Ligand code: AMP
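Residue numbers (our numbering): 61 to 657.
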């Protein structure tokens, strides 16, 4: 195990990070810090947020800044204001004991004059968004012509946000002789091409598996009906009463709509997206950090700068199109040694994506059932009871309660008291979830299993095979009529019908099978014998037993009859038309005309 003390970092830096509780470097730090301390070569660091990459580049850069030189020696570019603030604050923490260090942060949406004044006062390190940096350089308010370090943080996101032009322009102001450190969670071809142009012979450092997910994150998914996506999410939220989470949506509009719905439904939620003003975003972030709100509904870009390590969940309201984005999202939880859960709500058509995601994340995903009303009520009460049981009582604070008139309660026994307290507390939840439907979507395999079960359960019926199918013009109703017609029983139950191209299957009452087969043996359709047989119940094969025509295989017969199929279709329909009156009560039977007798 490596310790920070083993790195050749200034004692002032070791002191501050020790105070922050950093003892052992994270994997990206273990590789990056000694490399930057000892080499001038460019570097590509493949690491997600949460891996400790800010300290990975921040500590060696801080270490190497010449405090006696007032010129700007490092420029750190990051895509959003929030990320810049995060880097800036981290650098301030790390450099607490570095006397005279000047770090300036510049981003859009804030007074440029103040930033210009700050820069004029001197900046060893500038942390900036590309747009604002570009602006400042054009105004000649910043000078990066002497920088030794250029850090491009979240390079993939900077390009996603369309900062390529600004980056190109900014780099015109930077010297060729510099060390460039590019960090990116993913390496799409745009980032690779950026690296090719602006980095020379970089070494690549990646944390563990490229693009792999954090280890202490569980990945759950819920199969939802598209129309019930929101309701399903509410249930998941309600099931985890101490949830502290970000809900990720695809668009700003979705984000706002869902946040508004949650707020209207009484949840401590808010939205964070690019359509909000900076002040609104700051307000939402502040409330989220202080836990005044516990659900932040955010777009991917806006969520980049959220420096909260204690999220219990992230919820993918929709799966992103890019699997790397899923990695980013899920990496927002399970940080700083905490456990986290990444929840995905998917519809049946999206199910295939889970396999891809499992590959990308390197972990199995767990399919969870959308909680039922009862489960939610139980979980709410259990959570509350645990809170009550674990709460510590401060005697002095509640002494006054006993001087109050609580006589009415005193007369109640313990059980009644508990019941009443729970009712007061949970009436709303109980009401909201009384008799609510099951929102779980049955997938195909489950459905067919159920059908099979239902079939097995249907006592007194047998699965039957009949050698007419879609090609003969049959649909379900026509087959029912046909079978009843053959059996000469208008009300006999013909159920669980499957029409295939050249044959059909149905369930028929055991007591009447002999009669049905006997009648069928006397019928032909065009030149073909009609055949009805029992099937083996479980494997779907035809049964041996009493075949109406024994011996000849259906396939052989199918071949011999292929030619006539269209005619048969027409014939049966014609015939069926003629026989309507028979179904309506007459005793005449058009099939009789076909009887072979
Ligand atoms: P980052 O990936 O830079 O956003 O860092 C994620 C979180 O991990 C931040 O809250 C850091 O303060 C924390 N952190 C970074 N390096 C270490 C370390 N070596 N030991 C403990 N915590 C760390």
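A virtual CB, placed ideally from N, CA and C, is assigned to each residue, including glycine.
Since the structure is predicted, the reported quantities are computational estimates derived from the model, not experimental observations.
Going by DSSP in three states, residue i sits in which element: helix, strand or coil?
{"i": "residue 569", "result": "strand"}
{"i": "residue 191", "result": "helix"}
{"i": "residue 525", "result": "strand"}
{"i": "residue 383", "result": "helix"}
{"i": "residue 239", "result": "strand"}
{"i": "residue 307", "result": "strand"}
{"i": "residue 216", "result": "helix"}
{"i": "residue 267", "result": "coil"}
{"i": "residue 253", "result": "helix"}
{"i": "residue 360", "result": "helix"}
{"i": "residue 653", "result": "Per-residue confidence for residue 653 stands at a pLDDT of 32, beneath the threshold of 50, marking its modelled position as unreliable; no derived number is given."}
{"i": "residue 157", "result": "coil"}
{"i": "residue 588", "result": "strand"}
{"i": "residue 376", "result": "strand"}
{"i": "residue 352", "result": "coil"}
{"i": "residue 76", "result": "helix"}
{"i": "residue 171", "result": "coil"}
{"i": "residue 390", "result": "helix"}
{"i": "residue 68", "result": "coil"}
Which one of the options has the shortest CA to CA distance from residue i?
{"i": "residue 325", "options": "295, 148, 167 and 542", "result": "295"}
{"i": "residue 421", "options": "541, 411, 385 and 449", "result": "385"}
{"i": "residue 261", "options": "95, 126, 543 and 104", "result": "104"}
{"i": "residue 590", "options": "542, 328 and 553", "result": "542"}
{"i": "residue 485", "options": "520, 437 and 498", "result": "437"}
{"i": "residue 89", "options": "581, 110 and 71", "result": "110"}
{"i": "residue 578", "options": "546, 554, 566 and 585", "result": "546"}
{"i": "residue 72", "options": "62, 151, 429 and 209", "result": "151"}
{"i": "residue 327", "options": "309, 312 and 298", "result": "298"}
{"i": "residue 163", "options": "122, 173 and 172", "result": "122"}
{"i": "residue 424", "options": "434, 201 and 413", "result": "413"}
{"i": "residue 527", "options": "501, 595, 575 and 479", "result": "595"}
{"i": "residue 183", "options": "204, 195, 399 and 168", "result": "204"}
{"i": "residue 387", "options": "245, 450 and 492", "result": "245"}
Looking at the unbroken alpha helix (DSSP H) that takes in residue i, where does it start and where does it end?
{"i": "residue 593", "result": "No alpha helix (DSSP H) contains residue 593, which is instead part of the beta strand (DSSP E) from 592-594."}
{"i": "residue 105", "result": "Here residue 105 belongs to no alpha helix (DSSP H); instead the beta strand (DSSP E) covers 103-106."}
{"i": "residue 283", "result": "Note, residue 283: premise wrong, no alpha helix (DSSP H); beta strand (DSSP E) at 277-283."}
{"i": "residue 547", "result": "536-547"}
{"i": "residue 330", "result": "No alpha helix (DSSP H) holds residue 330; the beta strand (DSSP E) holding it covers 329-332."}
{"i": "residue 484", "result": "474-492"}
{"i": "residue 414", "result": "412-421"}
{"i": "residue 230", "result": "224-232"}
{"i": "residue 163", "result": "Counting along the chain, residue 163 falls outside any alpha helix (DSSP H), though it belongs to the beta strand (DSSP E) covering 163-166."}
{"i": "residue 295", "result": "289-299"}
{"i": "residue 121", "result": "113-124"}
{"i": "residue 445", "result": "433-450"}
{"i": "residue 87", "result": "87-98"}
Could you check if residue i is buried or exposed, using at least 16 other CB atoms within 10 Å of its CB as the buried criterion?
{"i": "residue 550", "result": "exposed"}
{"i": "residue 416", "result": "exposed"}
{"i": "residue 445", "result": "exposed"}
{"i": "residue 330", "result": "buried"}
{"i": "residue 395", "result": "buried"}
{"i": "residue 235", "result": "exposed"}
{"i": "residue 559", "result": "buried"}
{"i": "residue 431", "result": "buried"}
{"i": "residue 467", "result": "exposed"}
{"i": "residue 189", "result": "buried"}
{"i": "residue 64", "result": "buried"}
{"i": "residue 381", "result": "exposed"}
{"i": "residue 592", "result": "buried"}
{"i": "residue 198", "result": "exposed"}
{"i": "residue 85", "result": "buried"}
{"i": "residue 79", "result": "exposed"}
{"i": "residue 106", "result": "buried"}
By the DSSP assignment, the beta strand (DSSP E) with residue i in it spans what residues?
{"i": "residue 8", "result": "Nothing about residue 8 can be read from this structure; the chain reaches only from 61 to 657."}
{"i": "residue 559", "result": "555-559"}
{"i": "residue 400", "result": "400-406"}
{"i": "residue 136", "result": "134-137"}
{"i": "residue 552", "result": "No beta strand (DSSP E) contains residue 552, which DSSP labels as neither H nor E."}
Segment contact flag, the stretch 247-266 with the stretch 212-222, C-beta cutoff 8 angstroms, min 3 pairs: A contact exists between the stretch 247-266 and the stretch 212-222.
Three-pair Cβ contact test at 8 angstroms for the stretch 125-145 versus the stretch 280-289: Touching, no.
Please confirm if the stretch 344-357 is in contact with the stretch 284-294, defined as three or more CB-CB distances below 8 angstroms between the two stretches. Judged by Cβ distances under 8 angstroms, the stretch 344-357 makes no contact with the stretch 284-294, as fewer than three pairs qualify.
Counting Cβ pairs, one atom from each stretch, are 3 or more of them under 8 angstroms apart for the stretch 304-320 and the stretch 370-385? A contact exists between the stretch 304-320 and the stretch 370-385.
Tell me, please, whether the stretch 173-187 touches the stretch 397-410 by the rule of three or more beta-carbon pairs shorter than 8 angstroms. Between the stretch 173-187 and the stretch 397-410 there are fewer than three inter-stretch CB-CB distances shorter than 8 angstroms, so the stretches are not counted as touching.
If you pair each beta-carbon of the stretch 361-370 with each one of the stretch 331-345, do three or more pairs fall below 8 angstroms? Touching, yes, given that three or more Cβ pairs across the two stretches are closer than 8 angstroms.
Would you call the stretch 192-209 and the stretch 132-145 in contact, with 3 or more CB pairs under 8 angstroms? Yes: at least three Cβ pairs fall under 8 angstroms.
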